[in-house]
Amino acid sequence: MSTARGVPPSLTGSLPRDISVADYEIGPLEELIEEARQFGFGLPAVLESAIDKRRREYLAGRISARHALRQLLGLAASEGEIVGDDDDVPRWPEGVVGSISHGAGFGFAAVAATDRYRGIGVDVERVVSARQAGRLGARVLNEREMSLRHGGAGDLTEAEMFTLVFSAKESAYKALFPRYRKVLGFSDVELERREAGGGAARGGAARCGELRLRTRVASGGGTFRRLVGWYALTGGQADSESESASSVWSVVAIPS
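In our numbering, the protein residues as written are 4 to 259.
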């Protein structure tokens, strides 16, 4: 796995032991191709003529996934390509659910066994500027969700909270879509709670916690299905004009 700073230790410390996560830095294309070759796969034909950025992101995400699978299932299970279906949803080994993301300079993946989770989603985002959060906030989160930036899990700025909710909902959609095949809007999933996570006691620069979300999409009769999540926020805060060097990493799961 990449030696550059990636998945915050505070996030891995908060996650249940039955969820495996891994990252890989989106470095030079030649290095990514060589790492992928060692796992027994390469760029699919459809990406051979894609721009450099797209190819690098794809490889870093798939390499991350292979590292996560190796942690969960062992060496043999980590080899070969992870192809996508007609909806571009990755096909995981039997008995496994997983998710892949790329952002903030890293590929990021999580996998877990289907007897523990019905779905899992991940996302990594750079924290947006205060100006972007103010302009886009109403599309992504409601006032009650924004109010969760205060409390026992530590106060967040509006930009940090916007990015956290955006990332958590992206992770939730990735957990839900492979199972229910429904296109969701931001209002289809709501963040209910943000709490201090178990990894917070282990120190480090990251702020971390646990999340509780709900959706009606995955259940009938108007009832809600609950989802569980974990997050970590690293680095400094953005000013009003620029994107921050800080990042939000999130994992959301549908418990079995």
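Quick reminder that beta carbons are idealized off the backbone N, C-alpha and C, glycines included. Owing to the predicted nature of the structure, the values given are computational and were not obtained by experimental measurement.
- Residue state for Ser104 is assigned as strand, using DSSP reduced to three classes.
- In the structure shown, Glu97 falls within a coil segment according to DSSP collapsed to helix, strand and coil.
- Taking the CA atoms as reference points, Ser250 sits about 12 Å from Ser132.
- Glu33 and Ser150 have their C-alpha atoms roughly 45 Å apart.
- Gly124 sits close to Ala175, with the two beta carbons spaced by under 7 Å.
- Annotation: Leu159 to Gly188 spans about 24 Å, alpha carbon to alpha carbon.
- Take Tyr120, set aside five residues on each side of it, and the residues of its chain with a beta-carbon closer than 7 Å to its own are Val100, Ala256, Ile257, Pro258, Ser259, in chain order.
- Judged by DSSP secondary structure, Glu28 falls within the beta strand (DSSP E) whose first and last residues are 22 to 28.
- Contact check for Ala107 against Ala136 fails: the beta carbons are separated by 7 Å or more.
- Apart from the 5 residues on each side of it in sequence, Leu230 sits with its Cβ closer than 6 Å to the Cβ of Ala175, Leu216, Val255, Ile257 in its chain, given in chain order.
- Rounded to whole angstroms, the separation of the alpha carbons of Arg197 and Arg142 is 20 Å.
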